[in-house]
Amino acid sequence: MTSQQIEYVLTLAEEKSFSKAAGRLYVTQPSLSQFIKNLENELHTQIFDRSTSPIRLTSAGEAFVSAARKIKAIEEELNQQIADLTNLKTGELRIGTSPFRASCLLPKSIAKFQELYPGVTIHILEDMTHKLEEAAMEGRIDLFMGTGSFDKTIFHTEELVEEQLYLAVPPDSQLNSGMEAYQVSDQDIKLDTAKLHKTPAVDLSAFQSAQFIFLRQNQKLYTTSSEFCLSAGFNPIVVLFSERIETAFSWALAGIGSTFIPDFLIKFGNYEKHPIYYKLSHPNATRSLSIAYRKNRYLSRVAIEYIALLKQLIGYGTWFYPQYIQ
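Using the numbering used here, you'd call the opening residue of the sequence shown number 7 and step up by one each time.
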């Protein structure tokens, strides 16, 4: 089993499409198809079932992929150990995170890490949390960030910071009328003002007639948002579903509906205009953002140093003042 065979089969297994896999591998679709056919002839068995759409692995293909992942993990662990011996002059770091955290949370830490270790190559995988868990289990990423709980028998987790969720209501909504005592601004949230702490949480039942924008059902924030509304005694009127928090934010700002927004997006999203924000009293409005990685798998010094840097940056409480980061 060669490195090329491993790479081509694993990519095709992930993409479930010859055209998509060929694009990722920077080869033509016919050449990839011929490569897989030659490999199947060499193995005297079919790896992929092409009669279905999308294509899927055969039983032999499942066995091949399982072995290929193990071999790749061993090779990567060896490369990490060798890189560690070079005192971080070389190496590779593969980080998984959601798209919104990739844009809001990672930039400063990545820039600082590259400044400290210019020889280290960084790869970012942006996906939903359950997909990142799968990627970590398969060895495709070294670590990932997410909220909620993770299987402690599989992952080691380190809490980074608490994340606060807010109700975001369109600025021109009539539902804001008479609710001024419960409203907080983006500046209150960014600067952690006294007003933010003094302002009481809103009774969400006051917004039971609101139209809501939720993330899709396969995302954790969908479940959390539903819990908020149900615990307030009403079933939310959901008019739109979105894949991304940033999109839900933009739709709320445009007046389409209300949504629930994490404070990281408010603080680091670089938005000039904002919806009206309300604090929430539900216990799940505060959630832990953690970094997680596989147990019983070698964690490179590169990854250890990045985790330490990330904790240092977050420990300052705000990333608006990079001059304080030495």
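Built from N, CA and C at the ideal position, the CB exists for glycine as well.
- The straight-line gap separating the alpha-carbon atoms of Leu18 and Ala69 is approximately 15 Å.
- Contact check for Ile251 against Gln217 fails: the beta carbons are separated by 7 Å or more.
- The beta carbon of Asp192 is closer than 8 Å to those of Ile272, Tyr277, His280 and Tyr283 in its chain, skipping five residues each way along the sequence.
- Asn290 and Asn302 have their C-alpha atoms some 31 Å from each other.
- The residue among Thr51, Leu259, Ile80 and Ile101 with its C-alpha nearest the C-alpha of Phe150 is Ile101.
- Between the beta-carbon of Gly263 and that of Ile219 there is about 4 Å, and that keeps the pair under the 8 Å contact cut.
- By the C-beta criterion, the region 65-82 is judged to be in contact with the region 7-26, since at least 3 inter-stretch pairs fall below 8 Å.
- DSSP lists Ile128 as the bridge partner or partners of Leu99.
- The three-state secondary structure of Arg293, taken from DSSP, is strand.
- Ranking Thr292, Gln170, Gly97 and Ser59 by CA distance to the CA of Glu311 puts Gly97 first.
- Tyr304 is bridged by DSSP to nothing; it lacks a bridge partner.
- Per the coordinates, the alpha-carbon of Glu186 lies some 24 Å from the alpha-carbon of Leu236.
- The Cβ atoms of Ile297 and Glu164 sit closer than 7 Å to each other.
- Cβ-Cβ separation between Ala141 and Leu131: approximately 6 Å, consistent with a contact (criterion under 8 Å).
- For Thr265, the number of other beta carbons within 10 angstroms of its own is at least 16, and it is reported as buried.
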